[in-house]
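S.K.: In this note's numbering, the protein residues as written are 2 to 508. Before I ask anything, here is the structure I am working with.
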């Protein structure tokens, strides 16, 4: 029997997530080892600038495509679904040209503007850095649109294939570019991660698609609201602290923060990209009016994401004092404590992707705008008031507290407005089990802070987590039954790996 579509999408999203997480980690390690904290800080700031500008210029259209195409397919409106990405393609091309031109202009204008307005970054790097940012921006902006089209069409296997190949291109580009040209070359090398997706977009999506006017207006409303959410998320959930740390404390502390943030990203990236199919699933259930199914799917998604994310984050936080200098070098040792705090707190924010997907699917993303505005104001205030005084740790603690508040508000709203209760009991048992495994792992690295000790700490942490999660029955029988069915339908090479794990918890 074939694996259900949602399970296939989740599997392929997981593979793409693993490639993305590995690429992110290894790229930062390469830059850190090659350029040190100062160079790593400049590269990290450049990546953040490009990511923020991509969000500014995408008009919320990528998430709109991922939301509406599966909805249209569920309603058997296949022509509209096929034309949807084409209808909005000219808008993306136009904004990409504007963004690329703006960055390229700074290549020439930065030396003139800096003496008059000393707020531009990269004063210790050649002005060609702005040209490298323009190249990276163009590739990411076009590539992201193609990725959203693949996800909307539920071609997650193709997205996973392109992402995996892009990993090799990105790592090669970052290493070669950083070695020859320093931070400027490393930034261009990051563009390798979006090169294939950009080529896919340019060769597979054409302009000229037409859709119904009422649908177009509805989609634009959703898109602009999502755009607002994305802009706010770029401040609240992205690495905005890099800009403040770079400005007030210098690229050295920005580089330390980049290393700490990388561990947080790696710990959550693979589980997060398993949610790639959630928006499509929630959208389809909402489209056909299956409220009971939507509630069940939401609760199960929260449990599964918690089951994966909390042990990953708590475990990474536990071994951070040994892992940070091992990966990034002794120069980054002072980032260990900040990394531990940031990674542990990141677990709560990562689980909120489930509630965000539900709000997008039910077209209630305006709530994310409201909470995001408050969060963005708090982040900026912390950047101006806390970071100059307390530096790296101030940025980490402020970010963690603000994000936790926003996450709590989103789950309360989902419960009250959509009657989708969160499985707090299961989550509490999962958090307790993850905390126990983290304590065990930390005890090992305190005794043996070596690569061998780190490996043993991970194995012990996994064993303790599995034992505690089984003892506390963290996952209910219904979830385990669904997992058993899915494992039985999984590809032949995957079933022998997953089946013993599921059977262990089902006993």
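Even glycine gets a Cβ: it sits at the ideal position worked out from N, Cα and C.
(1) Given that a residue counts as buried once 16 or more other Cβ atoms are within 10 Å of its Cβ, and exposed if not, what is residue 59?
(2) Determine the closest residue to residue 417 out of 360, 386 and 92, with distance taken between C-alpha atoms.
(3) May I ask you to verify whether the segment 238-245 touches the segment 27-40, counting CB pairs closer than 8 Å and requiring at least 3?
(4) Here's the rule I'm using: 16 or more other beta-carbon atoms within 10 Å means buried, otherwise exposed. How should residue 402 be labelled?
(5) Please list, in chain order, all residues of the same chain as residue 439 whose beta carbon is under 6 Å from its beta carbon, the five residues on each side excluded.
(6) To which residues of the same chain is residue 210 closer than 6 Å at the C-beta, ignoring the five residues directly before and after it?
(7) Tell me the residue span of the alpha helix (DSSP H) that contains residue 225.
(8) Tell me the DSSP secondary structure of residue 206 in three-state form.
(9) If you draw a straight line from the C-alpha of residue 178 to the C-alpha of residue 188, how long is it?
(10) Would you verify that the beta carbon of residue 263 is, or is not, closer than 8 Å to some beta carbon of chain D?
(11) DSSP three-state call for residue 3: helix, strand or coil?
(12) Put residue 152 into one of helix, strand or coil per three-state DSSP.
(13) Quick check on residue 423: does DSSP put it in helix, strand or coil?
(14) Span of the alpha helix (DSSP H) holding residue 80?
(15) Report yes if the C-beta distance between residue 96 and residue 143 is below 8 Å; otherwise report no.
(16) How many Å lie between residue 190 and residue 53 at the Cα?
(17) Can you grab the Cα-Cα spacing for the pair residue 412 / residue 221, in whole Å?
(18) Give me the Cα-Cα distance between residue 284 and residue 240, rounded to the nearest whole angstrom.
(19) Where do the N-terminal and C-terminal ends of the alpha helix (DSSP H) with residue 158 fall, by residue?
(20) Just to confirm before moving on: does the CB-CB distance between residue 395 and residue 408 stay below 8 Å?
(21) Report buried or exposed for residue 306, applying the criterion of at least 16 other Cβ atoms within 10 angstroms of its Cβ.
M.R.: Here's the rundown:
(1) Burial state of residue 59 is buried, judged by a 10 Å Cβ sphere holding 16 or more other Cβ atoms.
(2) 360
(3) no
(4) Under this definition residue 402 is an exposed residue.
(5) 315, 316 and 319
(6) Within the same chain, 84, 87 and 88 come within 6 Å of residue 210 by CB-CB distance, once the 5 residues on both sides are set aside.
(7) 214-237
(8) coil
(9) 8 Å
(10) Note that chain D does not occur in the displayed structure, where there is just one protein chain.
(11) Model confidence at residue 3 stands at a pLDDT of 44, short of 50, so the residue's coordinates are unreliable and nothing is read from them.
(12) helix
(13) coil
(14) First-last of the alpha helix (DSSP H) with residue 80: 79-114.
(15) no
(16) 18 Å
(17) 26 Å
(18) 29 Å
(19) 157-182
(20) no
(21) buried
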